[in-house]
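*Asks:* I'd like to ask some things about the structure below.
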Amino acid sequence: MSTLRFPIASAAEVRTALREALHGQRRTLVLAALVLTAASAAGLVTPTALGRVVDLVDHAGSTAELWLLVLLMAAGTVLAAALLAWGTVLAVRVVETALARLREQLVDRLLRLPTSVVEDAGAGDAVSRATDDVAEVSTAVNEVLPTVASAAFLIGATFVGLGALDWRFALALACILPIQLFAVRSYLASAPTVYARERAAMAERAEVVLSTLRGLDTVRALRLEPRQRARTALHSWAVVTWSMRERILNNIFWGRLNAAEFVGMSALLCVGFWLVREGQGTVGMTTAALLLFHRLFGPIGQLLLVVDVWQSAAASLRRIVGVLQVPAQSGGGRTIPVRDGQLALRGVSFSFEAAGRPTLEEVSLDIEPGRTLAVVGPSGAGKSTLAGVVAGLRSPHEGTVLLDGHDLAELDPEDRSRVVGLITQETHIFAGTLRTNLTLAREDADEARLWAALERVGAARWVRELPDGLDQVVGLAGVTLTPLQRQHLALARIDLLDPAVALLDEATAEAGSAGAAILDEAAEAVIRGRTSLVIAHRLDQAARADTVALVADGRVVELGSHDQLLTRGGQYAELWQAWSLGRQPDGPSG
Numbered sequence: 002m003s004t005l006r007f008p009i010a011s012a013a014e015v016r017t018a019l020r021e022a023l024h025g026q027r028r029t030l031v032l033a034a035l036v037l038t039a040a041s042a043a044g045l046v047t048p049t050a051l052g053r054v055v056d057l058v059d060h061a062g063s064t065a066e067l068w069l070l071v072l073l074m075a076a077g078t079v080l081a082a083a084l085l086a087w088g089t090v091l092a093v094r095v096v097e098t099a100l101a102r103l104r105e106q107l108v109d110r111l112l113r114l115p116t117s118v119v120e121d122a123g124a125g126d127a128v129s130r131a132t133d134d135v136a137e138v139s140t141a142v143n144e145v146l147p148t149v150a151s152a153a154f155l156i157g158a159t160f161v162g163l164g165a166l167d168w169r170f171a172l173a174l175a176c177i178l179p180i181q182l183f184a185v186r187s188y189l190a191s192a193p194t195v196y197a198r199e200r201a202a203m204a205e206r207a208e209v210v211l212s213t214l215r216g217l218d219t220v221r222a223l224r225l226e227p228r229q230r231a232r233t234a235l236h237s238w239a240v241v242t243w244s245m246r247e248r249i250l251n252n253i254f255w256g257r258l259n260a261a262e263f264v265g266m267s268a269l270l271c272v273g274f275w276l277v278r279e280g281q282g283t284v285g286m287t288t289a290a291l292l293l294f295h296r297l298f299g300p301i302g303q304l305l306l307v308v309d310v311w312q313s314a315a316a317s318l319r320r321i322v323g324v325l326q327v328p329a330q331s332g333g334g335r336t337i338p339v340r341d342g343q344l345a346l347r348g349v350s351f352s353f354e355a356a357g358r359p360t361l362e363e364v365s366l367d368i369e370p371g372r373t374l375a376v377v378g379p380s381g382a383g384k385s386t387l388a389g390v391v392a393g394l395r396s397p398h399e400g401t402v403l404l405d406g407h408d409l410a411e412l413d414p415e416d417r418s419r420v421v422g423l424i425t426q427e428t429h430i431f432a433g434t435l436r437t438n439l440t441l442a443r444e445d446a447d448e449a450r451l452w453a454a455l456e457r458v459g460a461a462r463w464v465r466e467l468p469d470g471l472d473q474v475v476g477l478a479g480v481t482l483t484p485l486q487r488q489h490l491a492l493a494r495i496d497l498l499d500p501a502v503a504l505l506d507e508a509t510a511e512a513g514s515a516g517a518a519i520l521d522e523a524a525e526a527v528i529r530g531r532t533s534l535v536i537a538h539r540l541d542q543a544a545r546a547d548t549v550a551l552v553a554d555g556r557v558v559e560l561g562s563h564d565q566l567l568t569r570g571g572q573y574a575e576l577w578q579a580w581s582l583g584r585q586p587d588g589p590s591g
């Protein structure tokens, strides 16, 4: 598993990203804050009126005034609830719009990053940032905005209200500030690190689970279940460890806040008792002061809880914005006028950081328009890396890839995918209908064009046999396609895309021996008359190509037609002889 991860954004980068995400939403945000503040003001009516009710009862006041106070409390409660609901809706609209923009930017950036960057960081880290972290921020901000707007006003208004009742009430309440300040500062000293470690541990766990599920067949074949269970348990316990540290930190934090509430209530009771005894206050005034303070329990707790929630959200937000700071893969924005489809590689070299040696070294090849070049060689020779460089999935460290004399690196990735079509042995089928999976290659393809592509690759028959035909749901929620059927769809996509160059990276390997001939015929139909680069996993595929390149240790060691290479009697001829011997009925199996 890779030790590399996407970066963590700085506070300045997060602020910049938030400003961009909130573009056009600031007026709604201000309105939401004002409405929530008004809701808090309306909420002060009830405790103030209750204090007056106590004095009315104590002094045998009029019934009419009592009913007036009851109606006033009811009106204040209804108004506060209505304003709170309206303000919350406005706040959620702003927050979800901003988060939708961030999520879209995150996915867009991931799609535009070089494949090597995403692979080095790990799919688990990417998925964790796009799902867990976005959900964490969404939940947190939807709590934070209404809470801050209402609690901040309520706390300030309560201090003013207590001062209006008697300045000594406000002074008594002020004694809780040092305790709360100490609680917050102590919490902030440790919380950011704990939350960041917890988020990172969750990403590591996701990476292990995803890699296990993606390679489930390999895990079962090699009996790696105990090893993968142990790895999953190890990383799961790492998440548990950091979650427990976070919970302990929270418990200490809230214990100190509860102590502050006890001190504040005790101080108000003492001041109220003294004022009533000295004849400087009434029981109703003391009751109002206690109710106002009791009403602060929620807002103060919520406001300080925001500190806890925001620490978790800030850690997630820095991870989301961190992906946006990774430079996207981009070309020069040019459009290449494809005339003939002549592909040329000039001195292409590439190496992985951890490899220690070049994976490709000074590779130069020419594929004439409409011709097919097959690449063969031992495992690890650099064949798939070569296909990835031509497809634009990896950028060569040296050299260029030319199409009709134009450097493909100058194309934007999206335009390059239209010019160069790639099929690998691992074909992904998106959850949805067959029609949706096909129109990914060409959105404007009509019914006739879709069926023509299926006919060309030999898939029309089994598609017609499906209950819903092109509208059959496939994937996790529908019909599970066989490897042969998945590759049929991949080849049909290439036919619909109609690129100038087709790259087949062991595209028929997953079908097995039974379906190999069927897929070979389908692939031939798709690449016929098209410039093609085929990474061959069987030598009979190379024999049908116009040119064969034998790659070893990242270099092209032999180049020529199948017959020419056999005549030379080199490594390719030896491979062919061994492969042919294994194909004979009385020869060795293999």
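Residues in the sequence shown are numbered from 2 upward in steps of one, following this note's numbering. The beta-carbon is built from N, C-alpha and C at its ideal position, and this holds for glycine as well.
1. In chain order, what residues of the same chain have a beta carbon less than 7 angstroms from the beta carbon of E369, not counting five sequence neighbours either side?
2. Short of 8 angstroms in beta carbon distance, which residues of its chain neighbour L437, apart from the five on each side in sequence? Order them along the chain.
3. If I'm right that S313 touches I536 with Cβ under 8 angstroms, what's the distance once you round it to whole angstroms?
4. Kindly give me the distance between the Cβ atoms of L366 and S350, rounded to whole angstroms, as I take these residues to be in contact under 8 angstroms.
5. Which of helix, strand or coil does DSSP assign to P586?
6. Please check the pair L402 and V552, which I expect to be a contact at CB under 8 angstroms, by giving their CB distance rounded to whole angstroms.
7. With F351 as the anchor, note down where its beta strand (DSSP E) starts and where it stops.
8. Which residue comes first and which comes last in the beta strand (DSSP E) that contains L366?
9. Give a yes or no on whether the C-beta atoms belonging to L505 and A524 are separated by under 7 angstroms.
10. Quick one: what's T401 bridged to in DSSP?
11. Using only the alpha-carbon positions, how far apart do L423 and I495 sit?
12. Would you call the region 78-86 and the region 30-46 in contact, with 3 or more CB pairs under 8 angstroms?
13. Going by beta-carbon coordinates alone, are S203 and S129 separated by less than 7 angstroms?
14. What distance in whole Å lies between the Cβ atoms of V527 and L492, which are believed to be in contact at a cut-off of 8 angstroms?
15. Just verifying my parser: in three-state terms, what is the DSSP assignment at D554?
16. Beta strand (DSSP E) containing T532: first to last residue?
17. Quickly, what does DSSP pair D341 with across the bridge? List them, please.
18. By DSSP, does E559 sit in helix, in strand, or in coil?
19. So the candidates are A290, A382 and L409; which of them puts its Cα closest to the Cα of L346?
20. Please report the Cβ distance between E199 and W243, rounded to the nearest whole angstrom; I am assuming they are in contact, meaning their Cβ atoms lie under 8 angstroms.
21. Rounded to the nearest angstrom, how far is the Cβ of A261 from that of I177, given a contact under 8 angstroms?
22. Does any CB atom of chain D fall closer than 7 angstroms to the CB of A315?
23. What residue from R110, V93, E97 and L72 has the CA that sits closest to F7's CA?
24. On the DSSP letters alone, give me the boundaries of the beta strand (DSSP E) that G476 sits inside.
25. Among A65, A518, T532 and R556, which residue has its Cα nearest to the Cα of H538?
26. Give every residue of the same chain whose Cβ lies closer than 6 angstroms to the Cβ of A501, excluding the five residues on either side of it in the sequence, and list them in chain order.
27. Buried or exposed for V71, please, with buried defined as at least 16 other CB atoms from any protein chain shown within 10 angstroms of its CB.
28. Nearest to A546 by alpha carbon, out of A329, G348 and G530?
29. Enumerated in chain order, which unbroken segments of the beta strand (DSSP E) with a length of 3 residues or greater are wholly contained in the region 48-127?
30. Following the continuous alpha helix (DSSP H) through V421, name the residue where it begins and the one where it ends.
31. Within its chain, find whatever has a CB closer than 6 angstroms to the CB of L19; leave out the 5 residues flanking it on each side and keep chain order.
32. What is the DSSP secondary structure of A508, counted as helix, strand or coil?
33. Does DSSP put G433 in a helix, a strand or coil?
34. Apply the 10 Å Cβ neighbour rule to E593 and answer buried if 16 or more other Cβ atoms are within range, or exposed otherwise.
35. Pick out whichever of R28, L112 and T64 has its Cα sitting closest to the Cα of G88.
*Replies:* This is what the structure holds:
1. Translated into positions along the sequence shown, residue 369 becomes position 368. Correct list, in chain order: Q343.
2. Stepping through the sequence shown from its first residue, residue 437 is reached at position 436. A small fix is needed here, since residue 437 is Thr in this sequence, not Leu. If we look at T437 and ignore the five residues flanking it on each side, its Cβ neighbours are F431.
3. As a position in the sequence shown, residue 313 is number 312, starting the count at 1. As a position in the sequence shown, residue 536 is number 535, starting the count at 1. Not confirmed; about 46 angstroms, so no contact.
4. Indexing the sequence shown from 1 puts residue 366 at position 365. Indexing the sequence shown from 1 puts residue 350 at position 349. That pair is no contact at about 13 angstroms.
5. Start at 1 with the first residue of the sequence shown, and residue 586 comes out as number 585. Note on P586: pLDDT 48, under 50, position unreliable in the model; the coordinate value appears next. Note: P586 maps to coil in three-state DSSP.
6. Mapped onto the sequence shown, residue 402 falls at position 401. Mapped onto the sequence shown, residue 552 falls at position 551. First, the residue type needs correcting, since residue 402 is Val and not Leu in the sequence shown. Not really, about 16 angstroms apart at Cβ, beyond 8 angstroms.
7. Position 350 of the sequence shown, counting from 1, holds the residue named residue 351. Element bounds for F351: L344 to F351.
8. In the sequence shown, residue 366 corresponds to position 365, counting from 1. Unbroken beta strand (DSSP E) run through L366: L361 to I368.
9. Taking the first residue of the sequence shown as position 1, residue 505 is located at position 504. Taking the first residue of the sequence shown as position 1, residue 524 is located at position 523. In this structure, A524 lies closer than 7 angstroms to L505 by Cβ.
10. To locate residue 401, count along the sequence shown from 1; it is residue 400. R347.
11. Against the sequence shown, residue 423 aligns to sequence position 422. Against the sequence shown, residue 495 aligns to sequence position 494. Computed Cα separation, rounded: 8 angstroms.
12. A contact exists between the region 78-86 and the region 30-46.
13. As a first step, residue 203 must be located in the sequence shown, where it is residue number 202. As a first step, residue 129 must be located in the sequence shown, where it is residue number 128. The question names Ser, but residue 203 in the sequence shown is Met. A distance below 7 angstroms separates the beta carbons of M203 and S129.
14. Here residue 492 corresponds to residue number 491 of the sequence shown, with the count starting at 1. Here residue 527 corresponds to residue number 526 of the sequence shown, with the count starting at 1. Confirmed, about 5 angstroms.
15. Looking up residue 554 in the sequence shown gives position 553. In the three-state scheme derived from DSSP, where H, G and I count as helix and E and B as strand, D554 is classed as coil.
16. Counting from one through the sequence shown, the residue named residue 532 turns up at place 531. Residues T532 to I536.
17. Within the sequence shown, numbered from 1, the residue matching residue 341 stands at position 340. D341 has no beta-bridge partner at all, per DSSP.
18. As a working mapping, residue 559 is identified with position 558 in the sequence shown. Strand at E559.
19. Walking along the sequence shown from the start, residue 346 turns up at place 345. Selected option, being the one with the closest Cα: L409.
20. In the sequence shown, residue 199 corresponds to position 198, counting from 1. In the sequence shown, residue 243 corresponds to position 242, counting from 1. Approximately 4 angstroms separates the beta-carbon atoms of E199 and W243; this is inside 8 angstroms, confirming the contact.
21. The residue labelled residue 261 in the question sits at position 260 within the sequence shown. The residue labelled residue 177 in the question sits at position 176 within the sequence shown. Confirmed, Cβ separation roughly 4 angstroms.
22. Although the question refers to chain D, the structure presented lacks it and comprises just one protein chain.
23. Within the sequence shown, residue 7 is the residue found at index 6, counting from 1. That would be R110, whose Cα lies nearest to the Cα of F7.
24. Here residue 476 is taken as the residue at index 475 of the sequence shown, counted from 1. Taken as a continuous stretch (DSSP letters only), G476 belongs to no beta strand (DSSP E), as it is neither H nor E.
25. For the purposes of this step, residue 538 is taken as residue 537 along the sequence shown, with counting starting at 1. For H538, the nearest C-alpha among the options comes from A518.
26. Counting from one through the sequence shown, the residue named residue 501 turns up at place 500. Hits under 6 angstroms: V339, G342 and V420.
27. Here the question's residue 71 lines up with position 70 in the sequence shown. With fewer than 16 Cβ atoms within 10 Å of its Cβ, V71 is classed as exposed.
28. The residue you call residue 546 lines up with position 545 of the sequence shown. It is G530 whose Cα lies nearest to the Cα of A546.
29. Segments of the beta strand (DSSP E) lying fully in the region 48-127: there are none.
30. Sequence index remark: in the sequence shown, residue 421 carries index 420 (1-based). V421 -> not in any alpha helix (DSSP H); beta strand (DSSP E) instead, spanning V421 to T425.
31. For the purposes of this step, residue 19 is identified with residue 18 of the sequence shown, where counting begins at 1. Excluding positions up to five away in sequence, the list is empty.
32. On the sequence shown, position 507 is the one that residue 508 refers to. Correct three-state label for A508: coil.
33. Numbered from its first residue, the sequence shown carries residue 433 at position 432. Taken through DSSP and simplified to helix, strand or coil, G433 comes out as strand.
34. Nothing about residue 593 can be read from this structure; the chain reaches only from 2 to 591.
35. On the sequence shown, position 87 is the one that residue 88 refers to. Comparing C-alpha distances from G88 to each of R28, L112 and T64 shows the shortest one belongs to R28.
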